[in-house]
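Some notes on the structure that comes next.
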Amino acid sequence: MYAVKGRGVFVRQAPEPGKHHGPITNYLLRDEIAREARAAAAEFADLSDDELLEREAELDRRWVTIREEHQRVFNERRKVKRAKSRRGLFLPPLHDDDTDPDVSPSQKLEAALAESRKRRQQRT
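Set out below in structure tokens:
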């Protein structure tokens, strides 16, 4: 954050690598990238070029499958959340009551609303 007299207080944008950095920060960023590259090179040093390319192709195939499964689960989860919302199951308990534990949250909500309506009618 920084202040400009007569204008207000502002939030600086996060710095981008290579932009608005001093030479030390740029050096540290380059050093970190180089370390990651050395670690990756050491991990796959025993693989031939063909084996490395085959491994990449296998990971690409697996990624497609995983992405499709993720999307399927995500969509199903969204449908379940909508159904829960329609039934009132997303609501927390209204209060610590000793009602029948077999009563669904939506039934508890309806009973509480009916009780509230009854009390309002009695007051008028």
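Residue 43 in the numbering used here sits at position 43 of the sequence shown, with consecutive numbering throughout.
All C-beta atoms, glycine included, are put in the ideal place defined by N, C-alpha and C.
Predicted model, so just to flag it, every value in this text is computed and none were measured.
Beta-bridge partners of residue i, as assigned by DSSP
{"i": "F10", "result": "Y2"}
Whether residue i touches residue j by CB criterion (8 Å)
{"i": "Y2", "j": "R12", "result": "yes"}
{"i": "L47", "j": "R55", "result": "yes"}
{"i": "F44", "j": "L52", "result": "yes"}
Contact between the region 99 to 118 and the region 77 to 89 (3+ Cβ pairs under 8 Å): yes
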